[in-house]
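A short write-up of the structure that comes next.
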Amino acid sequence: MVGIIMGSDSDLPIMQEAIDILESFDIKIEVDIVSAHRTPEKLVEYSKNAHKRGIKVIIAGAGGAAHLPGMVASMSPLPIIGVPIKSRNSIDGWDSVLSILQMPGGVPVATVALDGAKNAGILAAQIIGASDELILNKIIAYKEELKLKVNQASERVRK
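If you want the numbering used here, it's the 1-based position in the sequence shown plus 87.
Right under this line is the structure:
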């Protein structure tokens, strides 16, 4: 199971892409709003206990100061994937990117592109697929589909 958290419900349109791709791989998800600044107690509880509920990877989306992914990573034994979100109070998203990307040694957060929730979902599936052959085969099929689409587009362009 993958935990998908975000700092605000305004992040849901971006994070929906992670939800959709994981559901397409038939991976169970748990979705919640966990604000690093407004619900710090919930953040601590979630971070320390997600693995006890069977979660294998956490995707954390945040905008602005974007402390959520790093704070979760500081307390959780699970792999954390950060999704920087360009929010209305953001500085073109760079504040979010750098807040998630520039973690201190010992507290890693895998970081995808600005608003890159789909890639976060794919990365979470790949992490799970490393030890789950059924998911691995779905990832392989997905990548073959990508290749097929590019080859079909190439054929159309060359005609």
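Beta carbons: idealized from backbone N, C-alpha and C, even for Gly.
> Between which two residues does the alpha helix (DSSP H) carrying A228 extend?
Replying inline: 220-245
>> On the criterion of 16 or more Cβ atoms from any shown chain inside 10 Å, does A204 qualify as buried, or is it exposed?
In response: buried
>> Taking only three categories from DSSP, how would you classify D96?
In response: helix
> For the stretch 159-193, which segments carrying the beta strand (DSSP E) assignment without a break, of at least 3 residues, lie completely within its bounds, in sequence order?
Replying inline: The stretch 159-193 contains these whole beta strand (DSSP E) runs: 167-172.
> Nearest to H138 by alpha carbon, out of L210, L165, R243?
Replying inline: L165
> Near G151, what residues of its chain come up, given a Cβ to Cβ distance below 7 Å and the 5 sequence neighbours on each side ignored?
Replying inline: Cβ-Cβ distances below 7 Å link G151 to S174, N176, S177, D182, S183 in the same chain, with the five nearest sequence neighbours on each side left out; the list follows chain order.
>> So for A147, helix, strand or coil by DSSP?
In response: strand
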